[in-house]
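For the sequence shown, my numbering begins at 16 and goes up steadily by one.
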Amino acid sequence: MRPAILALDSGTTNTKAMLIALDGEILSSGSVANAVSHPQPGWAEQSGEGILASADAAIRHAIARAPDVDIRAIGISNQRESALVWDAQTGAALGPCILWQCRRTAPFCAALRDAGHGERVEQLSGLGLDPLFSASKWRWLIDHVDGGADLRGGTVDSWLLWHMTGGAVHATDASNASRTQLLDLDDGDWDEELLGLFGVPRAILPRVMASDALFGHTAGGFGGLPEGVAIHAMMGDSHAALFGHAIAARGRVKVTLGTGSSLTCPTGARARSAHGLSGTIAWRRGGETVYALEGNITVSGHSAAFGAQLLGLGGAQELADLAATVRDSDGVYVVPALAGLGAPHWQEDARGIICGLSLGSRPAHVAYAVLEGIAHQICDLVAAIEADLGEDLQAICVDGTAARNDHLLQMLADLSGRAVERPSQTDLSALGAAMMAAAGAGLPLSDTLIAKEHHFAPAMAGDARVASREGWRKAVARACL
Numbered sequence: 016m017r018p019a020i021l022a023l024d025s026g027t028t029n030t031k032a033m034l035i036a037l038d039g040e041i042l043s044s045g046s047v048a049n050a051v052s053h054p055q056p057g058w059a060e061q062s063g064e065g066i067l068a069s070a071d072a073a074i075r076h077a078i079a080r081a082p083d084v085d086i087r088a089i090g091i092s093n094q095r096e097s098a099l100v101w102d103a104q105t106g107a108a109l110g111p112c113i114l115w116q117c118r119r120t121a122p123f124c125a126a127l128r129d130a131g132h133g134e135r136v137e138q139l140s141g142l143g144l145d146p147l148f149s150a151s152k153w154r155w156l157i158d159h160v161d162g163g164a165d166l167r168g169g170t171v172d173s174w175l176l177w178h179m180t181g182g183a184v185h186a187t188d189a190s191n192a193s194r195t196q197l198l199d200l201d202d203g204d205w206d207e208e209l210l211g212l213f214g215v216p217r218a219i220l221p222r223v224m225a226s227d228a229l230f231g232h233t234a235g236g237f238g239g240l241p242e243g244v245a246i247h248a249m250m251g252d253s254h255a256a257l258f259g260h261a262i263a264a265r266g267r268v269k270v271t272l273g274t275g276s277s278l279t280c281p282t283g284a285r286a287r288s289a290h291g292l293s294g295t296i297a298w299r300r301g302g303e304t305v306y307a308l309e310g311n312i313t314v315s316g317h318s319a320a321f322g323a324q325l326l327g328l329g330g331a332q333e334l335a336d337l338a339a340t341v342r343d344s345d346g347v348y349v350v351p352a353l354a355g356l357g358a359p360h361w362q363e364d365a366r367g368i369i370c371g372l373s374l375g376s377r378p379a380h381v382a383y384a385v386l387e388g389i390a391h392q393i394c395d396l397v398a399a400i401e402a403d404l405g406e407d408l409q410a411i412c413v414d415g416t417a418a419r420n421d422h423l424l425q426m427l428a429d430l431s432g433r434a435v436e437r438p439s440q441t442d443l444s445a446l447g448a449a450m451m452a453a454a455g456a457g458l459p460l461s462d463t464l465i466a467k468e469h470h471f472a473p474a475m476a477g478d479a480r481v482a483s484r485e486g487w488r489k490a491v492a493r494a495c496l
């Protein structure tokens with residue numbers, strides 16, 4: 016039997032499982048869609064049982080397509096910040112999984128800011144007070160579930176680990192914990208002051224472990240896995256993608272283009288942003304904690320699907336095809352603030368807008384502007400990270416579903432004035448988790464999958480770039496009114 020690593024990537028809209036041979040060959044994969052519900056405006060949630068079911072099915076699909084493998088280790092990557100609580104006795108979720116996009120806790124966060132806690136929270140956690148992060152979500156869940164239950168709380172990685180190990184292990188890794196707003200970034204453990212401020216009992220939270228730790232072993236049954244397979248890595252999806260890109264030098268950043276987007280730059284030691292970015296733990300391994308600066312965009316790739324729906328198109332690919340029929344947006348701007356604006360603006364009350372329309376505007380111009388809006392948001396983050404680092408970037412390394420769109424990547428290169436590099440495989444979250452698991456288990460996994468496949472060089476004239484960026488800034492100002 017051929018030795019392999021199983022990578023499980025539990026995302027917002029899809030769960031993917033990949034079996035990767037030690038020579039770097041992808042032997043098989045499985046992908047299952049995840050349903051997202053919006054019970055009220057600004058709310059976003061999933062079923063905890065649905066997350067388990069999609070992970071179970073994706074693993075079974077991958078195993079069925081490559082039955083003659085010996086799974087040596089499992090690496091898990093996951094959507095971050097999304098929060099659950101469950102009954103420790105039954106393992107059943109108590110309430111929904113509140114997604115990272117959800118804004119239901121905005122009033123609670125605003126009250127903490129108004130009470131003067133914002134600066135202290137950011138000083139300790141590295142994160143500005145915002146509903147994006149897990150802490151306020153756990154508080155909401157605790158307030159709305161059966162108070163008599165023996166509660167456990169966690170992010171999606173902890174939820175999966177609990178069930179894959181048959182309830183034997185309640186743990187998370189440092190990268191996921193750093194996105195909860197309850198972790199002291201300096202000492203890497205839950206902070207009593209933050210726990211008290213948000214009203215989250217320490218007893219319900221998972222143990223924080225290194226990203227390459229031996230988290231536990233499968234209990235058997237889940238995903239058709241045998242008993243005793245080592246789960247040897249857990250990482251937030253953006254962190255796993257950063258690890259997968261193997262960015263080791265300054266001057267390069269990772270951009271994941273998914274439902275939302277994130278720009279991440281490793282800093283080594285902890286760094287603090289003066290330009291709207293968050294401090295985070297990239298990963299912890301071998302006794303060393305690597306820090307990063309990150310900017311998060313709440314609605315990115317999802318805006319293409321949303322724009323396609325508004326234009327009566329069949330999906331994001333049809334929108335991209337329509338956008339390719341025109342040379343530019345003809346002055347149209349789309350600001351996809353469908354759930355407020357994240358970094359570096361942090362305007363939770365911003366609303367999505369289309370502006371710059373004229374009698375000459377056609378649906379293709381709007382489609383072009385939707386894609387350009389994704390690129391402009393990334394450029395805002397590029398400007399912020401360059402200001403924090405005090406130097407220009409040399410390249411933007413991309414991954415994620417939308418990274419297969421050549422038109423979008425050329426827009427990003429043009430508007431940023433920076434080279435954009437795409438690897439041969441864009442599922443870097445899964446691959447990064449596999450690489451971390453292999454490293455933790457002492458297995459020699461080839462890095463051939465992360466070789467750069469395509470290079471997009473800036474082709475836009477400088478004056479056109481300046482004009483487009485200025486128009487975008489004016490559009491963002493209108494969205495924030």
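Virtual Cβ for every residue (Gly too), placed ideally from N, Cα, C.
How far does the alpha helix (DSSP H) with residue i in it reach, from first residue to last?
i    : result
M475 : Note, M475: premise wrong, no alpha helix (DSSP H); not H, not E.
M33  : Taken as a continuous stretch (DSSP letters only), M33 belongs to no alpha helix (DSSP H), being part of the beta strand (DSSP E) at N29 to A36.
N191 : A189 to A192
S44  : First-last for S44: I41 to A48, but that is the beta strand (DSSP E), not the alpha helix (DSSP H).
W177 : V171 to M179
D403 : P378 to L404
S315 : Note, S315: premise wrong, no alpha helix (DSSP H); not H, not E.
F213 : E207 to F213
S444 : L443 to A456
Quick one, are the C-beta atoms of residue i and residue j less than 8 Å apart?
i    : j    : result
T313 : G355 : yes
C112 : S151 : no
G415 : G273 : yes
V244 : H260 : no
S444 : D188 : no
V505 : A59  : The structure shown does not extend to residue 505, since the chain is modelled only from 16 to 496, so the question has no answer here.
W101 : A108 : yes
D10  : R128 : The question about residue 10 has no answer here: the residues shown for the chain are numbered 16 through 496.
L396 : G310 : yes
G181 : A126 : no
S411 : S431 : Note that residue 411 is Ile in the sequence shown, not Ser. Result yes, Cβ atoms of I411 and S431 sit closer than 8 Å.
L460 : L37  : yes
N191 : R285 : no
L257 : S288 : no
D345 : H391 : no
A472 : G238 : no
S43  : A81  : yes
E363 : A121 : yes
According to DSSP, is residue i part of a helix, a strand, or is it coil?
i    : result
C412 : strand
E468 : strand
D201 : coil
S52  : strand
C124 : helix
D364 : coil
E60  : strand
S97  : coil
V341 : coil
S253 : helix
H132 : coil
D83  : coil
R480 : helix
G238 : helix
A501 : The structure shown does not extend to residue 501, since the chain is modelled only from 16 to 496, so the question has no answer here.
Can you name the start and end residues of the beta strand (DSSP E) that residue i belongs to?
i    : result
P281 : S276 to G283
M16  : Counting along the chain, M16 falls outside any beta strand (DSSP E), and DSSP gives it neither H nor E.
I312 : E303 to I312
P438 : A434 to P438
A297 : S293 to R300
So residue i and residue j are supposed to be a Cβ contact under 8 Å. How far apart are they, rounded?
i    : j    : result
G357 : L147 : 7 Å
A338 : A352 : 20 Å between Cβ atoms; not a contact.
A98  : W153 : 5 Å
S318 : G388 : 6 Å
V223 : G203 : 7 Å
A320 : G330 : 6 Å
R119 : S149 : The pair is not a contact, with the Cβ atoms about 13 Å apart (cut-off 8 Å).
G143 : I219 : No, G143 and I219 are not in contact; Cβ-Cβ is about 24 Å, not under 8 Å.
L212 : W205 : Going by Cβ atoms, the distance from L212 to W205 rounds to 12 Å, so no, they are not a contact pair.
A434 : H470 : 6 Å
Tell me the DSSP bridge mates of residue i?
i    : result
G355 : L353
M224 : D188
R267 : A410
I157 : DSSP output for I157 lists no bridge partner at all.
C370 : Y348
C495 : DSSP lists no partner for C495.
For chain D, check one thing: does any of its Cβ atoms lie closer than 8 Å to the Cβ of residue i?
i    : result
M450 : The structure shown has no chain D; it contains just one protein chain.
How about residue i: is its Cβ closer than 7 Å to a heavy atom in the ligand GDP?
i    : result
D188 : What this structure holds is no ligand at all, so the ligand GDP is not there to describe.
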